[in-house]
Amino acid sequence: MDSLSLKIYNFRSLSNSEFSVSENGNKLRSILIRPSSGGNPEDSFEILPEHTPGIFSIPAGYALELRYSEEGEAAFKYNEADTREINLEEKGMMFVSNDGNNTLVQINKFLNEINLES
Numbered sequence: 031m032d033s034l035s036l037k038i039y040n041f042r043s044l045s046n047s048e049f050s051v052s053e054n055g056n057k058l059r060s061i062l063i064r065p066s067s068g069g070n071p072e073d074s075f076e077i078l079p080e081h082t083p084g085i086f087s088i089p090a091g092y093a094l095e096l097r098y099s100e101e102g103e104a105a106f107k108y109n110e111a112d113t114r115e116i117n118l119e120e121k122g123m124m125f126v127s128n129d130g131n132n133t134l135v136q137i138n139k140f141l142n143e144i145n146l147e148s
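In the working numbering, the protein residues as written are 31 to 148.
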């Protein structure tokens with residue numbers, strides 16, 4: 031199965047975070063983008079391996095839920111211990127691309143809603 035990799039750039043602190051394709055022997059299987067609290071679950075979307083390349087806008091107040099599972103497990107079998115949550119807080123732009131057997135996900139968090147890369 032193809033893998034996912036995630037990189038987040040934070041222009042407010044001029045830092046970046048990279049999340050590995052595996053953690054504690056479990057493989058990153060899904061990235062769920064959802065309202066961080068009290069939002070409508072229908073406003074969520076999910077990035078899976080082999081996702082179609084695209085550019086997505088992420089509103090302020092959203093969170094990422096990284097879902098991991100063991101290599102031999104069913105692709106959609108998760109439990110709470112296999113997830114990791116990252117609050118994004120600011121608005122951002124997400125880029126999804128494919129590089130061989132990897133689906134690359136890059137999120138650029140905005141500084142005062144201005145993207146310094148443009």
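For every residue, glycine included, the Cβ atom is placed at its ideal position computed from N, Cα and C. Note that the structure is a prediction, hence the values are computed from the model and not measured.
Could you name the residues that DSSP lists as bridge partners for residue i?
| i | result |
| --- | --- |
| residue 56 | 53 |
| residue 94 | 63, 116 |
If you count every other CB in all the chains shown that lies within 10 Å of the CB of residue i, and 16 or more means buried, which is it?
| i | result |
| --- | --- |
| residue 31 | Summary for residue 31: the model assigns pLDDT 47, below 50, so the residue's position carries little reliability; its value from the coordinates is reported in the next sentence. Result: exposed. |
| residue 114 | exposed |
| residue 68 | exposed |
| residue 82 | exposed |
| residue 117 | exposed |
| residue 88 | buried |
Just verifying my parser: in three-state terms, what is the DSSP assignment at residue i?
| i | result |
| --- | --- |
| residue 120 | coil |
| residue 129 | strand |
| residue 76 | strand |
How far does the beta strand (DSSP E) with residue i in it extend, from its first residue to its last?
| i | result |
| --- | --- |
| residue 86 | 84–88 |
| residue 70 | Here residue 70 belongs to no beta strand (DSSP E), and DSSP marks it neither H nor E. |
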